[in-house]
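In our numbering, the protein residues as written are 3 to 241. Structure first, then comments.
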């Protein structure tokens with residue numbers, strides 16, 4: 003019995019010493035070799051900044067340095083046609099914002115998908131977004147701020163415009179009407195141009211001619227993220 007006891011102890015010691023020499027991942031090596039590799043990193047924080055028949059796609063490139071290009075696919079809500087473009091990733095763009103412009107877009111909702119790829123052709127999960135693009139139809143809906151008259155206050159002449167009743171009380175709140183551009187005849191000849199804020203109803207014109215012409219149009223921005231301005235048709239007033 004004592005021989006059997008000592009023989010069992012010896013076998014246990016040999017097994018322990020044998021296992022101590024194996025790497026930490028010995029028992030999981032087969033699993034790791036067969037495991038599926040992680041997908042390439044996808045873009046983040048996709049924004050569609052609309053303009054006049056164009057848009058800028060703004061997003062954060064994944065910090066995953068395996069990613070070397072992006073596939074951007076986009077279409078319009080008016081058509082099933084899908085447009086695609088491949089965009090390379092520069093060394094300094096990982097984890098940072100990147101902007102890509104797409105143009106020749108119809109005035110409709112833009113549908114976008116962005117997929118990241120690595121050098122092996124493996125792809126990330128797809129990121130999607132949508133936003134409305136503006137054009138001639140929006141532009142034709144714009145109004146021109148209404149000119150009222152010329153008055154003299156404390157010896158200084160000023161141009162007066164109708165109050166914008168729809169404007170927010172807080173001037174820091176976004177308002178689609180951005181400004182009105184006015185060109186008037188000067189007393190000494192030629193013309194001068196001034197801007198009128200939507201939050202103001204008048205602008206001083208001390209050098210305006212006694213008789214002449216006023217031309218004006220209003221400038222609009224459809225949404226705060228828009229990259230383009232739009233303007234109403236110019237109006238001419240003789241005084």
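The C-beta atom is built at its ideal place from N, Cα and C for all residues, glycine as well.
- Two segments are said to touch when three or more pairs of C-beta atoms, one from each, lie closer than 8 Å; by this definition the segment 105 to 115 touches the segment 71 to 91.
- Sequence-distant partners of residue 130 (beyond 5 residues in either direction) whose C-beta falls short of 6 Å from its own C-beta, in its chain, are 115.
- Judged by beta-carbon spacing, residue 68 lies beyond the 8 Å limit of residue 103, meaning their Cβ atoms are not closer than that value.
- Comparing alpha-carbon positions, the option among 147, 200, 146 and 188 lying closest to residue 176 turns out to be 200.
- Secondary structure of residue 95 (DSSP, three-state): helix.
- Within the segment 116 to 172, the complete beta strand (DSSP E) segments at least 3 residues long are 129 to 134, 149 to 155 and 158 to 163, listed from N- to C-terminus.
- For the set 226, 202, 241 and 209, the Cα lying nearest the Cα of residue 217 is the one of 241.
- Nearest neighbour of residue 140 by Cα position, chosen from 50, 237 and 225, turns out to be 225.
- When rounded, the separation of the alpha-carbon atoms in residue 98 and residue 88 is 18 Å.
- Short of 8 Å from the beta carbon of residue 219, and not among the five residues preceding or following it, lie these beta carbons of its own chain, in chain order: 146, 182, 183, 233, 234, 235, 236 and 237.
- Put simply, the segment 186 to 203 does not touch the segment 117 to 128. Fewer than three CB pairs are less than 8 Å apart.
- In this structure residue 190 touches residue 209 by the C-beta definition: roughly 7 Å separates them, less than 8 Å.
- Residues of the same chain with a CB within less than 7 Å of the CB of residue 230, apart from the 5 flanking positions on each side, are 53 and 54 in chain order.
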